[in-house]
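*Asks:* Sending over a structure as structure tokens; questions will come in a sec.
Chains as they are written, first to last, in this note's numbering: chain Y, 3 to 347; chain B, 3 to 444.
Laid out in structure tokens, this is it:
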């Protein structure tokens, strides 16, 4: 019977392919913020070397690090991109699965900006307190900690337009969310005095910190689990919407978006590099040391990525919006020596 | 019916064929209303289709055009060696290209204000193409070669009319308002033009800063390899399972149980098959990630119920008299099935298979979990490499492009939808033709 033969041959093909599973390309997954940079480098790496173009997947920092920590071997990824530093918990999870030697590579900095429709209300200047007052579940009104009563931006800051509060913020699986919480919400919580009020009300410090980072759940703050394009589409449809974007994404869409200053500083590569603009974060990727020498091109990829020609201030990454790391030379040396995390710096 | 025939006797007026009584009018009006509802329903459907097609075509057709810069350039052996000696080689080729371009603009007498930086802003990432060309054709070093290379994405949008000069502010890092004057001058001199973008159909994915060079070709091939796997696994397994269940299996609780489960399986959301594929094929069987082989295996699981159900339906449609006649002249059960029933059911089986394949072709969700939704920028070298090497698939590529920040990629995503639809349409037309030609009715 012909179909029996077909089945047999198909199974044979599957078996052969399964047996020959040694991989010749670098496999990368993780942060969707790092993905554009990684894809630029991956393409250039394929064009400029004799190694095949690495495969880069997206999915968020946490998802990428989870896959990174699944174990050692050709069927696990070699590099995890992350828009935040790896957590102790994740290092422990890695170690449990045999992933002990991890090389941390900082590639540069990225700014997080607040932007709205070009022809929407004049959201041109924010402070962390404004964002906290708009989005916190409990805020300070006349010295009392109350459930957030604010409906419009002008309710708590007369300088802001009388427009309904509507913010699109990154979902919890994104590394961007953590920076948004730390540098904006938590800062605003302390600046408005809500943090002290919570402590005074008898909360422990940890509980008060957690309570600070929560956002209101009455639909004024919308979590976006997808990419920035989804946030952009929501902003396009809502005149009053405020969205959280990466600096490079905003710079690619200046014809649709206008950006707000944070505490009086306009976001740009210069203000982020100098540290004046407060909402920025370092970007990383993590290499499995055990895969160096096993997967061809892995170390070369890391060296190519961090070379001055690529990640330096005149390279294609900076041209796309990455704020280059002033300490790039140190990172290059670390990769050359394959220095793992935890080793003395 | 008895009611209607009884009416003329009880009504006072004897019914006339020429005049309608109230009841007939009511019935006719009901019929007319029903027809109107039907037409309205069809109109809504047609309208939705028109809106959809209009959106797809108006957004996607520009993706088949691209702006190119056409330049004759000569690379000397020294320049080639110098460029190959650096780390970021393609950048050096780009510089050579900019030099050649500015000298040609000088020769053409363009008096717009251009300097090296401005020309770099006008160009896409061109170094990769130049380097690949000279590495493949080392005999062309020192000769005059005409290159058609992608212009920057903003110039591309400017020529297509989707980006206006006034959209660009003076502080834009990617393009300056006066760059458009240079672009206009280059266009008049014939150095910048719009051409049909073959590279979109044959090329591979590119980095986010190079939308002009991105193509869907490699992912078409990825989809093709997945479909081969699905066809070679799902068809034989599905047909064998349905022949056994329909013709040989005893009717008992156990086969009923299997039957119910097959129907249930057809309704399982496709993402579940993705999770299954990740756990079984990648984590347990250690098959490679991002490989069309694994994608095909996952889609096979998803397509099997569709094929089994349609095959069983077409086996059922073969009249029992055919089987009885075969058995009556002394054929064995197996001979009656394979010589008589199966050939008659074949058109239906093929149609079901093609429709199952078309469904699998457009599936993205399961591919997310097995690593096929990502940046994959290369063609496989061999047939086996095509199966087990990393590749993307058409819907995954479209999903990827739609998430990128440069609007030219969004355009490419719509263009990718057109290509995907062309494939789906072709498969469905083949299914219809096969059914028309070979189907027999009793």
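Beta carbons: idealized from backbone N, C-alpha and C, even for Gly.
Here the structure is a predicted model, which is why all the values come from computation and not from measurement.
Step through the CB atoms of chain B and report whether any lies within less than 8 Å of the CB of residue 23 of chain Y.
*Replies:* With a pLDDT of 49 at residue 23 of chain Y, under the threshold of 50, the modelled position of this residue cannot be trusted; read the value that follows with caution. Yes, residue 23 of chain Y lies at the interface with chain B (some Cβ there is under 8 Å from its Cβ).
*Asks:* Would residue 119 of chain Y pass as an interface residue toward chain B - the criterion being a Cβ-Cβ separation below 8 Å?
*Replies:* Not closer than 8 Å to any Cβ of chain B, the Cβ of residue 119 of chain Y fails to qualify, so no.
*Asks:* Is any beta-carbon of chain B found at less than 8 Å from that of residue 256 of chain Y?
*Replies:* Yes, its Cβ sits closer than 8 Å to a Cβ of chain B.
*Asks:* In chain order, which alpha helix (DSSP H) runs of at least 4 residues are fully inside the segment 295-341 of chain B?
*Replies:* 322-330 and 335-338
*Asks:* Could you pull the DSSP bridge partners for residue 141 of chain Y from this structure?
*Replies:* When DSSP reads this structure, residue 141 of chain Y sits in a beta bridge with Y/148.
*Asks:* Any idea what DSSP makes of residue 203 of chain Y, helix, strand or coil?
*Replies:* coil
*Asks:* Kindly indicate which residue of Y/72, Y/34 and Y/321 has the alpha-carbon position closest to the one of residue 254 of chain Y.
*Replies:* Y/321
*Asks:* Helix, strand or coil for residue 448 of chain B per DSSP?
*Replies:* Residue numbering for chain B in the displayed model covers 3 to 444; residue 448 of chain B lies beyond these limits and cannot be assessed.
*Asks:* Quick check: is the beta carbon of residue 258 of chain B nearer than 8 Å to any beta carbon in chain Y?
*Replies:* no
*Asks:* Just checking: is the beta-carbon of residue 361 of chain B within a distance shorter than 8 Å of some beta-carbon in chain Y?
*Replies:* no
*Asks:* Rounded to whole angstroms, what's the CA-CA distance from residue 142 of chain Y to residue 115 of chain Y? Just pull it up for me.
*Replies:* Rounded to whole angstroms, the separation of the alpha carbons of residue 115 of chain Y and residue 142 of chain Y is 25 Å.
*Asks:* Determine contact between the segment 100-115 of chain Y and the segment 125-143 of chain Y, defined as no fewer than three beta-carbon pairs at a distance below 8 Å.
*Replies:* Taking one beta carbon from each stretch, the segment 100-115 of chain Y and the segment 125-143 of chain Y have fewer than 3 pairs nearer than 8 Å; the two do not touch.
*Asks:* Hey, out of B/293, B/313 and B/204, whose CA is closest to residue 248 of chain B's CA?
*Replies:* B/313
*Asks:* Residues of the segment 383-397 of chain B in Cβ contact with chain Y at a cutoff of 7 Å, in chain order, please.
*Replies:* 386, 389, 390 and 392
*Asks:* Rounded to whole angstroms, what's the CA-CA distance from residue 174 of chain B to residue 129 of chain Y? Just pull it up for me.
*Replies:* 25 Å
*Asks:* Quick check on DSSP: helix, strand or coil for residue 73 of chain B?
*Replies:* Residue state, collapsed to three classes: strand.
*Asks:* In angstroms with no decimal places, state the Cα-to-Cα distance between residue 242 of chain Y and residue 167 of chain Y.
*Replies:* 7 Å
*Asks:* Counting only Cβ pairs nearer than 8 Å, list the residues of chain B close to residue 29 of chain Y.
*Replies:* 291, 292, 373 and 392
*Asks:* Once the 5 residues before and after residue 77 of chain B are set aside, which same chain residues still bring their CB inside 7 Å of it?
*Replies:* 98, 136 and 143
*Asks:* Would you call the segment 150-161 of chain B and the segment 59-76 of chain B in contact, with 3 or more CB pairs under 8 Å?
*Replies:* With a cut-off of 8 Å, the segment 59-76 of chain B and the segment 150-161 of chain B count as touching, because enough Cβ pairs lie within range.
*Asks:* With three or more C-beta pairs closer than 8 Å as the rule, is the segment 38-55 of chain Y touching the segment 304-320 of chain Y?
*Replies:* yes
*Asks:* At least one CB of chain B closer than 8 Å to the CB of residue 20 of chain Y: is that the case?
*Replies:* In this prediction, residue 20 of chain Y has a pLDDT of 45, which is less than 50 and means its spatial position is unreliable; what the coordinates show is noted afterwards. The Cβ of residue 20 of chain Y sits closer than 8 Å to at least one Cβ of chain B.
*Asks:* The beta strand (DSSP E) that contains residue 110 of chain Y, what's its start and end?
*Replies:* Segment 104-119, the beta strand (DSSP E) holding residue 110 of chain Y.
*Asks:* Less than 8 Å between CB atoms is the rule here; does residue 327 of chain Y satisfy it with respect to chain B?
*Replies:* no
*Asks:* Any beta carbon of chain Y sitting closer than 8 Å to that of residue 90 of chain B?
*Replies:* yes
*Asks:* Under a CB-based cut-off of 8 Å, is residue 85 of chain Y close to chain B?
*Replies:* By the rule that beta-carbons nearer than 8 Å mark a contact, residue 85 of chain Y does not touch chain B.
*Asks:* So that I know if they touch, is there some Cβ in chain B lying closer than 8 Å to that of residue 318 of chain Y?
*Replies:* yes
*Asks:* Residue 337 of chain Y CB to nearest chain B CB: under 8 Å?
*Replies:* no
*Asks:* Is residue 291 of chain Y helix, strand or coil by DSSP?
*Replies:* helix
*Asks:* What whole-angstrom Cβ distance do residue 207 of chain B and residue 220 of chain B have, given they're in contact under 8 Å?
*Replies:* 7 Å
*Asks:* Going by Cα to Cα distance, which pick from B/27, B/285, B/138 and B/420 is closest to residue 82 of chain B?
*Replies:* Restricting attention to B/27, B/285, B/138 and B/420, the CA atom closest to the CA of residue 82 of chain B is found in B/138.
*Asks:* Could you pull the DSSP bridge partners for residue 349 of chain B from this structure?
*Replies:* According to DSSP, which records beta bridges pairwise, residue 349 of chain B is partnered with nothing at all.
*Asks:* From residue 150 of chain Y to residue 50 of chain B, what distance separates their C-alpha atoms?
*Replies:* 43 Å
*Asks:* Can you tell me whether DSSP reads residue 305 of chain Y as helix, strand or coil?
*Replies:* In the structure shown, residue 305 of chain Y adopts helical secondary structure according to DSSP, grouped into three states.
*Asks:* Span of the beta strand (DSSP E) holding residue 148 of chain B?
*Replies:* Membership of residue 148 of chain B in the beta strand (DSSP E) is indicated by the continuous run 146-152.
*Asks:* Any residues in the segment 48-71 of chain Y with a beta carbon nearer than 7 Å to a beta carbon of chain B? Which ones, in chain order?
*Replies:* 48, 49, 50, 54, 55, 57, 58, 59 and 60
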